[in-house]
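Notes follow the structure.
Number of protein chains: 2
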Amino acid sequence: MIETAAINAVMRTLADPTRRAVFERIVSSDEITVVELTRGSGVTQGAISQHLKSLKLAGLVAERPEGRRVFYRAEPEGLAPLVDWMGHYAVFWRERFANLRSLLKEIDP
Amino acid sequence: MIETAAINAVMRTLADPTRRAVFERIVSSDEITVVELTRGSGVTQGAISQHLKSLKLAGLVAERPEGRRVFYRAEPEGLAPLVDWMGHYAVFWRERFANLRSLLKEIDP
DNA sequence: CTAATGCATTAGTTAATGCTAATGTATTGG
DNA sequence: CCAATACATTAGCATTAACTAATGCATTAG
Chain E
12 MIETAAINAV MRTLADPTRR AVFERIVSSD EITVVELTRG SGVTQGAISQ HLKSLKLAGL
72 VAERPEGRRV FYRAEPEGLA PLVDWMGHYA VFWRERFANL RSLLKEIDP
Chain W
12 MIETAAINAV MRTLADPTRR AVFERIVSSD EITVVELTRG SGVTQGAISQ HLKSLKLAGL
72 VAERPEGRRV FYRAEPEGLA PLVDWMGHYA VFWRERFANL RSLLKEIDP
């Protein structure tokens with residue numbers, strides 16, 4: 012059985028381009044502050060904080076306050092519902108498996 | 012390079028629970044008509060047609076008119092952008108790889 | 001031929017959502 | 001200390017989006 016609520020949350024959260032860009036940027040960096048995320052994002056700091064809240068609620072990121080700054084990092088488990096969902100319908104992108112296979116070997120040979 | 016527009020479309024399309032349910036139902040059946048999709052969907056036939064239009068634009072489904080009925084089927088390639096996106100960030104759900112591995116073997120041993 | 005069926009489309013309503021601007025609350029630098 | 005910095009939160013606004021009801025168009029049944 013698939014966790015409908017979890018997939019729902021993750022999909023909805025990552026559907027917004029701005030928020031997904033924020034997530035991708037967090038993923039790319041080990042840890043990153045709100046100021047850095049705001050810079051070059053095209054939106055205000057308040058908007059970034061709102062997106063971070065959504066990402067946190069979806070379990071996609073975690074925070075680490077340090078002084079007056081807050082460092083954000085990606086939460087790998089958050090993508091699990093999406094992975095599971097894809098897995099459930101895996102038979103329908105069978106032709107993509109070659110790529111995925113090589114990827115798996117590349118990361119964990 | 013990641014196809015931002017494609018991921019955007021697929022994510023946005025699958026983010027809606029009703030529409031995703033329609034897609035899942037199309038995936039589960041080989042081919043299915045609009046009447047069947049409407050039955051038990053909780054929404055009107057018009058809504059279903061609208062969702063089908065979105066899914067078609069996202070490249071997730073294809074249609075085959077036959078008489079006054081239209082049969083819909085899943086379009087595997089449509090999920091490619093999502094697979095690619097996941098692959099790009101694969102290093103961050105490394106722990107899910109065991110599951111994915113067994114899945115791969117299950118489908119294509 | 002005529003009525004019924006299957007589907008698409010449109011207009012209009014309602015709810016959700018992303019944004020800004022402003023404000024509040026800690027924390028640190030000078 | 002006190003001003004500045006970092007972040008969160010709120011209210012308000014504009015836009016998007018999902019839905020219904022209604023209508024139109026084609027196709028088949030009787």
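As given, the protein sequences belong to chains E and W, one line each in that order.
Be aware that the first sequence starts at 12, since it is given in our numbering, and climbs by one per residue.
Be aware that the second sequence starts at 12, since it is given in our numbering, and climbs by one per residue.
Positions of the beta carbon are idealized from the N, C-alpha and C atoms, including for glycine.
Using a cut-off of 9 Å between C-beta atoms, extract the partners of residue i located in chain E.
i	result
R75(W)	In chain order: nothing, as chain E lies at least about 17 Å away.
L48(W)	Neighbours of L48(W) on chain E: none; closest Cβ ~17 Å, over 9 Å.
Let's see if you can read the secondary structure: which residues bound the beta strand (DSSP E) around residue i?
i	result
E77(W)	V72 to E77
V54(W)	Taken as a continuous stretch (DSSP letters only), V54(W) belongs to no beta strand (DSSP E), as it is neither H nor E.
So residue i and residue j are supposed to be a Cβ contact under 8 Å. How far apart are they, rounded?
i	j	result
R84(E)	T44(E)	Actually they are not in contact, since the Cβ atoms of R84(E) and T44(E) sit about 11 Å apart, beyond 8 Å.
G70(W)	G89(W)	4 Å
V124(E)	I59(E)	The structure shown has nothing for residue 124(E), since chain E only spans 12 to 120.
L93(E)	I18(E)	7 Å
R30(E)	H62(E)	4 Å
V72(W)	Y100(E)	Contact doesn't hold; Cβ gap of about 13 Å is too wide.
What residue range is occupied by the uninterrupted alpha helix (DSSP H) comprising residue i?
i	result
A91(E)	A91 to H99
A85(W)	Counting along the chain, A85(W) falls outside any alpha helix (DSSP H), though it belongs to the beta strand (DSSP E) covering R80 to A85.
S39(E)	P28 to S39
E47(E)	V45 to T49
For residue i, go through chain E and note every residue whose CB falls closer than 8 Å to its CB, in chain order.
i	result
P185(W)	Absent from the structure is residue 185(W), since the part of chain W shown begins at 12 and ends at 120.
K63(W)	Note on identity: in this sequence residue 63(W) is Leu, with Lys being the wrong assignment. Correct list: empty, because the minimum Cβ distance to chain E is about 17 Å.
Would you mind telling me which residues of chain W sit closer than 7 Å to residue i, beta carbon to beta carbon, in chain order?
i	result
L25(E)	M22
Identify the contact partners of residue i in chain W, using a Cβ-Cβ distance below 9 Å as the criterion.
i	result
L66(E)	Those within 9 Å of L66(E) in chain W number zero; the least Cβ separation is about 13 Å.
With respect to 7 Å, is the separation between the Cβ of residue i and the closest non-hydrogen atom of the ligand COA below this value?
i	result
Y83(E)	Among the ligands in the structure shown, none appear at all, so the ligand COA cannot be discussed.
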